[in-house]
Amino acid sequence: MATLTVNADYGLDMRGIDFGWLPYADSYTYGSTIFAAHFSDGTVEEFRGRGFSYDSDGVPTGGTVRSYALFDNGNRVSYVDGVSIAVTSIVDAAETYTTSDDIAVIGRALAGNDVLRGGGIFDYLRGFAGNDTLYGNAGNDTLVGDDGNDTINGGAGKDRIDGGVGSDTASYAGASSGVVASLGNPGGNTQNAYGDIYISIESLAGSSHADRLYGNAATNYLSGDAGNDYLSASGGNDWLHGGSGADQLVGGSGADRFIFKAWGDHSGDSILDFTATQSDRIDMSKIDANQSIAGDQAFSFIGTAAFSGKAGELRFVKTASDTYIYGDVNGDASTDYTIHLDDAVTIWNSYFYL
């Protein structure tokens, strides 16, 4: 896994990385673990690794690059660590004078599950292959996940968030207040999501505050994180996970899955449109239904019967207009967990993933 970090006082446009300038440096630093090119304008490109060797002209002929840093008059602009690239591939790219070879080298360096963090100005970041995590931070950034299942957090600013191939997520974790974020109508976005543009994004993840997340006609995964969130998935066979807080979940059309992962997090959540005829399901398989014994125990659905004092029981009560699902995880015959359905529904065991 490689990590790329850009100084908060700078921005990085990865399209502008050009090793073709290396032969024109004013001076060089040579060593078995370091090679650096120094330019008269204060720019320094520094490669560190192991086994560096050179020919009689000082051109690197062997060794492996493990990190790269770009300096501006002593200030580190950006730093990449955790890569493993033959130094000769960089020399070859420098000698072709075409940017396509430079991009190919960067793509090989970032072919894993990498973390890229932008600076405080405009950044253009690409994850290339792998399941990457990209942070734009401040500035109006362009963030491209490329191949893999990527998570992209634009931060503040009007960001262009392009997931590329795979199942990709636009995340608003770390936002200072709740966001409105919509894949289908991003013109209504607010806070950190304001002005964001989505390309090939299938999923949204909220902040630790009260968010309103909206999907589109495709299959979406909406995750609210903390806060009292409102999640509405629209069409498609969607997955909705409210996280902690009292959340409201709307699956829309399609066979939707309402996911509950921890009994303490979700008590008080409401499913506003559970529709069994659309094959909607309630997924409680991640919850340990019996905390008195080790392991991950499944719930036992007992219909409308009263709790018997056995840990792991799940029951429901239907009123004239609502349905309540109750869980007992410690065997005291009292409710530890409540899910509200905003309709009168007769619940069957087949409606759950337990």
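Count along the sequence shown from 1, then add 2; that gives the number in the working numbering.
Cβ atoms here follow ideal geometry from the backbone N, Cα and C, with glycine treated the same way.
Beta-carbon proximity list for residue i, same chain, < 8 Å, skipping 5 on both sides
i	result
Y99	G22
R52	S34, T35, G65, T66 and R68
N187	Y216
D198	G156, K160, D161, R162, I163, A172, A183, P188 and N191
A219	G186, S236, G237 and G238
A335	A308, F309, S310 and G311
Y30	F37, A38, A39, H40 and G60
G76	G44
Alpha-carbon to alpha-carbon, residue j and residue i
i	j	result
S236	G150	25 Å
T153	D164	10 Å
D227	G208	6 Å
S69	Y26	21 Å
R17	V117	18 Å
D28	E47	12 Å
G132	N115	5 Å
Y174	Y196	11 Å
G121	I201	22 Å
S310	S272	25 Å
G253	F276	7 Å
A158	G141	6 Å
K320	M3	51 Å
G297	A322	38 Å
D161	L14	14 Å
L103	A95	In the sequence as presented, Leu is not what sits at residue 103; that position holds Asp. Distance between the alpha carbons of D103 and A95: 5 Å.
I349	Y355	13 Å
S287	N222	20 Å
A39	A113	25 Å
V347	Y326	9 Å
Y137	Y32	34 Å
D59	S42	20 Å
R110	T90	13 Å
N139	G333	47 Å
F130	A88	18 Å
D57	I203	48 Å
G305	I108	57 Å
Chain-order list of residues whose beta-carbon lies under 6 Å from that of residue i (same chain, five-residue window excluded)
i	result
A257	N239, Q280 and S281
H211	S179, G180 and G229
F303	L316 and N351
H243	S225 and I261
Y232	R214 and Q250
T135	V117 and T153
Y126	D15, M16, R17 and T144
S255	G237
R1	Here the chain comprises residues numbered 3 to 356, so residue 1 is not present and cannot be evaluated.
N292	Q299, A313 and G314
L24	A39 and A96
I105	none
T337	Y328
Residue i vs residue j beta-carbon contact at 8 Å
i	j	result
F49	S34	no
N9	S80	yes
Y339	W265	yes
V93	P62	yes
Y324	L343	Looking at the sequence itself, residue 324 is Asp, so the reference to Tyr does not match. Yes, the Cβ-Cβ distance between D324 and L343 is below 8 Å.
R128	D148	yes
S234	S205	no
A278	Y353	yes
G44	D74	yes
K263	I295	no
G84	T5	yes
G166	V146	yes
Chain-order list of residues whose beta-carbon lies under 7 Å from that of residue i (same chain, five-residue window excluded)
i	result
A307	R317
S86	T66 and R68
S269	Y339 and T340
I123	Y12, G13 and G141
L72	E47, V79 and S80
T101	D20
L274	Q250, L251, V252 and D344
CB contact check: residue i to chain D, cutoff 8 Å
i	result
G189	Note that chain D does not occur in the displayed structure, where there is just one protein chain.
Next item on the list: Only counting runs of 4 or more residues, tell me where the alpha helix (DSSP H) segments fall wholly within the region 224-304, in order along the chain.
Entry: You should have 265-268.
Note to self: Quick test of the definition: if touching needs 3 or more C-beta pairs under 8 Å, does the region 313-325 touch the region 238-251?
What the structure shows: Contact between the region 313-325 and the region 238-251 is absent, because fewer than three Cβ pairs lie under 8 Å.
Next item on the list: Only counting runs of 3 or more residues, tell me where the beta strand (DSSP E) segments fall wholly within the region 69-154, in order along the chain.
Entry: Listed in chain order, they are 77-88, 117-119, 126-128, 135-137 and 144-146.
Check: Of all the alpha helix (DSSP H) runs that stay within the bounds of the region 170-195, which reach a length of 4 or more residues?
Finding: Listed in chain order, there is nothing to give.
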